[in-house]
Amino acid sequence: MKHLIDIKRLFSTYDKSNRSKTYIITKTIVLFLGLSVCAELFIAVCYFLLPSCMTNLVRTTAESLTINGVKSFSLKAWVWVIIIAPMMEETTHRLWLSMKKTHVAVSVAFGLYYVLGFIMVNYVQNHVVGAISCGVVSVFAGTMFYSLVSEDVLEKIKCNSLLYPILVLLGCMAFSLAHLTNYVITVQVLLFGVVSCFRQLAGGISLSYLRINLGFFYAVLFHCSINLVACLLATL
Numbered sequence: 066m067k068h069l070i071d072i073k074r075l076f077s078t079y080d081k082s083n084r085s086k087t088y089i090i091t092k093t094i095v096l097f098l099g100l101s102v103c104a105e106l107f108i109a110v111c112y113f114l115l116p117s118c119m120t121n122l123v124r125t126t127a128e129s130l131t132i133n134g135v136k137s138f139s140l141k142a143w144v145w146v147i148i149i150a151p152m153m154e155e156t157t158h159r160l161w162l163s164m165k166k167t168h169v170a171v172s173v174a175f176g177l178y179y180v181l182g183f184i185m186v187n188y189v190q191n192h193v194v195g196a197i198s199c200g201v202v203s204v205f206a207g208t209m210f211y212s213l214v215s216e217d218v219l220e221k222i223k224c225n226s227l228l229y230p231i232l233v234l235l236g237c238m239a240f241s242l243a244h245l246t247n248y249v250i251t252v253q254v255l256l257f258g259v260v261s262c263f264r265q266l267a268g269g270i271s272l273s274y275l276r277i278n279l280g281f282f283y284a285v286l287f288h289c290s291i292n293l294v295a296c297l298l299a300t301l
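Per my numbering, the sequence shown runs over residues 66 to 301.
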């Protein structure tokens, strides 16, 4: 049990070197289910303890439309939730875990595109112009990162048994908090909004373990599977 949650071992290639593929996949599933149950229990306790005015999370229009599309079996919504969104999120939040220069540069570009898009949507009326502008800036930033950062520096970070796991955990937290954009956040509901993202933190930790030990493709496939199950449950 200790080795199941040990952060240093969890975010290292120890299991890749010493365990079978079946073991790693099974551990990922157990890790995801265990952390998800803990997250849901913690969210439920917070929901019970906090005043209702602080737990009244309202979904954004886009998020509500997506959920309604899933429930009405809209092909566009299902493709977005099950295929496109997982691929984009994994590229942003977990492609870089290999610490290969190209992978990190792509993740930097995607991550910046998300941030700029979130900021500019409130200030740029023409969404096409905003998307192109964000894309140009993001590609430039990724290219600059690729040009300025050496492969040796990234390899040293990956080999650092303390720094690398911390960076991975911070990446999991960033992935989790990115889901705050699903809600209309005010100061009053911010605390419970952060708490509600613990379920994504459970997914982020599990997916990071899988990506580090089996590769990017397996993380994407597992992420797609999680979203597929969530969509099926939403239609019940």
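Positions of the beta carbon are idealized from the N, C-alpha and C atoms, including for glycine.
*Once you ignore the five residues that flank Met119 on each side, which residues in its own chain have a CB closer than 8 Å to its CB?*
Gln253, Val254, Leu256 and Phe257
*Please confirm whether Phe76 and Val233 have their CB atoms less than 8 Å apart.*
yes
*As assigned by DSSP and simplified to three states, the class of Arg124*: strand
_Proximal residues to Phe97 (C-beta, below 7 Å), its chain only, five neighbours per side dropped_ = Ala267, Gly268 and Ser271
*Check each candidate in Ile222, Tyr179, Phe183 and Ile184 and name the one with the smallest Cα separation from Val204.*
Tyr179
*Mind checking Asp80: buried by the 16 CB within 10 Å criterion, or exposed?*
buried
*Enumerate in chain order the residues of its own chain whose CB-to-CB distance from His244 is below 7 Å, with the five nearest sequence positions on each side excluded.*
Cys262 and Gln265
*Spatial distance of Leu293 from Leu286 (CA atoms)*: 10 Å
_Lys86 versus Leu275: straight-line alpha-carbon distance, rounded_ = 10 Å
_Rounding to the nearest angstrom, what Cα-Cα distance links Ala284 and Thr78 in this structure?_
15 Å
_Contacting residues, own chain, Cβ-Cβ under 8 Å from Leu279 (five flanking each side not counted)_ = Lys81, Lys86, Ile89 and Ile90
*asked:* Excluding the 5 residues flanking Val173 on each side, which residues of the same chain have their C-beta closer than 7 Å to its C-beta?
replied: Ala206, Gly207 and Phe210
*Considering only the beta carbon of each residue, do Val110 and Tyr248 sit closer than 8 Å?*
no
*Can you tell me whether Cys103 is buried or exposed, with buried defined as 16 or more other CB within 10 angstroms of its CB?*
exposed
*CB-CB length for His168 against Leu177, believed under 8 Å*: About 15 Å separates the two Cβ atoms, so there is no contact after all.
*Same chain, Cβ closer than 7 Å to Val146, neighbours up to 5 away in sequence not counted*: Thr131, Val135, Asn292 and Cys296
*Expressed to the nearest angstrom, what Euclidean distance is found between the alpha-carbon atoms of Phe138 and Val144?*
10 Å
*Identity of the residues DSSP links to Tyr248 by a beta bridge*: Arg124
*Going straight from the alpha carbon of Phe175 to that of Val201, what length do you get?*
11 Å
*Round the Cβ separation of Val259 and Leu242 to the nearest angstrom and send it over; I've been treating them as touching at under 8 Å.*
7 Å
*Where Ser77 sits in the DSSP three-state scheme*: coil
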